[in-house]
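Chemist: Chains as they are written, first to last, in my numbering: chain Y, 267 to 466; chain Z, 267 to 466.
Number of protein chains: 2
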Amino acid sequence: MSKGGKTRQRIVAEAATLFNQHGFEGSSMADLMEATGLEKGGIYRHFSTKEELAAEAFDYAWQAATDVGMHDLDSIPNSIDKLKRFMANFIERRPSVPGGCPLLNTAIEADDGNPVLRERARKALQQWQDRLSEIVRTGLKRKEIRSGVDPRKLVTFIIGSLEGALMISRLERNRNALLEAQSRLESYLESEIRLPQRKK
Amino acid sequence: MSKGGKTRQRIVAEAATLFNQHGFEGSSMADLMEATGLEKGGIYRHFSTKEELAAEAFDYAWQAATDVGMHDLDSIPNSIDKLKRFMANFIERRPSVPGGCPLLNTAIEADDGNPVLRERARKALQQWQDRLSEIVRTGLKRKEIRSGVDPRKLVTFIIGSLEGALMISRLERNRNALLEAQSRLESYLESEIRLPQRKK
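Right, dumping it as structure tokens:
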């Protein structure tokens, strides 16, 4: 990678932390200059607007969050166990970009605001719903999941409950709400969603 | 109320909408001047800092959200039915301050940021947990709720799932996620929490 390319990448990584912790509106050009150690011109050489940088920083933070959520899922054969691992990853593994979930942060800041960032968050949510729905669809085909379960609705409930619990946990500065959500969602998956396997 | 008192109240109400939609960092002094129709001096006559105004605006928006959530709860005798009405209120009734839930908005913006607003959000969450926990405790005493249910943990799960579903619904611009959360939480309350009443 060229020196310019490396600098660009470093700006995105530093900006991702700043925006994820303090939001788009809460991160000034001065904050970005301090975080990157660059002058204003050094940043604007790579990004024409703060919004363009924030959009790329979101993608970077979202990729990090997705890597954490999806970690090791491929190694688990059963679809319900995959969903449980996803929840455990969400709760236990710390993404490389601090500041909480970029989807939640950006959705809340941009829902009445910046349309570019709002669209980024909307697509991120959709991507997560698609990837988890695919797991549920496979589980339905393999008869690991009860017929009649709506993949989209189920995964949307799981994502929502985890994101809301994350908000509470970050506010209370302990993991109780997240652990409680995990425990209740796991019971729910076991009792209402998993199709018991007949002994062979 | 004095003319000054009325002006102060009007500033708080206008600022509540602005901050709830665009956040503390996303609302400039110019925005506040436009929303209130006052000069900078007219606002600073009543509030010494933007933060002081934002804190009062949060309390105002939170009171409006609480009024909606708790609407008509006293008229319902059974504790499980009270919790279901709370969820229905959260989903169906529109608070007078637009922009979504002030607790969720402020928690997300302030969790790595402004300590005064963070503390306001933390107390608001606690207040909600307390009021709903009290309903669960009464239900336990009256044997409407299964013994062994932890009031705090149950209501924290309900609040988290509703708040996360609200984030998704606002992002997707439809109510599907909220309605799905309501339906799953209602089933959960009926099947796992409600103690069936013996026929008399």
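Just so you know, even glycine gets a beta-carbon here, dropped at the ideal spot from N, CA and C.
1. Quick one: which unbroken alpha helix (DSSP H) runs of 4-plus residues sit fully inside the region 408 to 449 of chain Z? Chain order, please.
2. Less than 8 Å separating the beta-carbons of residue 412 of chain Z and residue 455 of chain Z?
3. Return helix, strand or coil for residue 274 of chain Z, following the three-state DSSP convention.
4. Give, in chain order, every residue of the region 407 to 425 of chain Z whose Cβ lies closer than 8 Å to some Cβ of chain Y.
5. Does the structure place the region 439 to 450 of chain Y close enough to the region 273 to 291 of chain Z that three or more beta carbon pairs sit under 8 Å?
6. Would you call the region 393 to 405 of chain Z and the region 337 to 346 of chain Z touching, i.e. three or more CB-CB distances under 8 Å?
7. Within 8 Å, do at least three Cβ pairs link the region 283 to 297 of chain Z to the region 332 to 339 of chain Z?
8. Are the C-beta atoms of residue 373 of chain Z and some chain Y residue less than 8 Å apart?
9. As a quick exercise: from Z/409, Z/281 and Z/396, pick the residue whose alpha carbon is nearest that of residue 421 of chain Z.
10. Is the region 309 to 320 of chain Y close to the region 374 to 387 of chain Y, with three or more CB pairs under 8 Å?
11. Under 7 Å Cβ-Cβ, which residues of chain Y neighbour residue 268 of chain Z?
12. What residues of chain Y sit near residue 289 of chain Z, judged by a beta carbon separation below 8 Å?
13. Would you say residue 428 of chain Y and residue 356 of chain Y are within 8 Å of each other, going by their C-beta atoms?
14. For a contact defined as C-beta to C-beta under 7 Å, what are the partners of residue 447 of chain Z on chain Y?
15. Does chain Y have any CB closer than 8 Å to the CB of residue 431 of chain Z?
16. Which one of Z/330, Z/351 and Z/324 has the shortest CA to CA distance from residue 360 of chain Z?
17. For residue 383 of chain Z, which residues in chain Y fall below 9 Å Cβ to Cβ?
18. Which residues does DSSP list as the beta-bridge partners of residue 384 of chain Z?
19. So which of Z/435, Z/433, Z/423 and Z/434 has the shortest CA-CA distance to residue 431 of chain Y?
Modeler: Looking at the coordinates:
1. 417 to 438
2. Residue numbering aside, residue 412 of chain Z sits at position 146 when the second sequence is read from its first letter. Residue numbering aside, residue 455 of chain Z sits at position 189 when the second sequence is read from its first letter. Cβ atoms of residue 412 of chain Z and residue 455 of chain Z: not closer than 8 Å.
3. Along the second sequence, read from residue 1 onward, the residue named residue 274 of chain Z stands at position 8. Reduced to three states, the DSSP call for residue 274 of chain Z is helix.
4. 419, 422, 423 and 425
5. no
6. yes
7. no
8. Position 107 of the second sequence, counted from the start, is the residue given in the question as residue 373 of chain Z. Yes, because at least one Cβ of chain Y sits closer than 8 Å to the Cβ of residue 373 of chain Z.
9. The residue you call residue 421 of chain Z lines up with position 155 of the second sequence. When each option's Cα is compared against that of residue 421 of chain Z, the closest is Z/396.
10. yes
11. Along the second sequence, read from residue 1 onward, the residue named residue 268 of chain Z stands at position 2. Going along chain Y, no residue has its Cβ under 7 Å from residue 268 of chain Z, so there is no contact; the nearest lies around 33 Å.
12. Stepping through the second sequence from its first residue, residue 289 of chain Z is reached at position 23. Near residue 289 of chain Z (Cβ distances below 8 Å), the residues of chain Y are 289, 291, 292, 375 and 379.
13. Reading the first sequence from its first residue, position 162 is the one you call residue 428 of chain Y. Reading the first sequence from its first residue, position 90 is the one you call residue 356 of chain Y. The answer is yes: Cβ separation under 8 Å.
14. Against the second sequence, residue 447 of chain Z aligns to sequence position 181. By Cβ distance, chain Y contributes 423 and 426.
15. On the second sequence, residue 431 of chain Z is found 165 positions in, with the first residue counted as 1. Yes, residue 431 of chain Z counts as interfacial toward chain Y.
16. Here the question's residue 360 of chain Z lines up with position 94 in the second sequence. The residue with the shortest Cα to Cα distance from residue 360 of chain Z is Z/330.
17. Reading the second sequence from its first residue, position 117 is the one you call residue 383 of chain Z. Per Cβ cutoff of 9 Å: no residues; residue 383 of chain Z is ~11 Å from chain Y at best.
18. For the purposes of this step, residue 384 of chain Z is identified with residue 118 of the second sequence, where counting begins at 1. BP columns for residue 384 of chain Z are empty, so no partner.
19. Taking the first sequence and counting its residues from 1, the one referred to as residue 431 of chain Y is at position 165. Per the Cα distances, Z/423.
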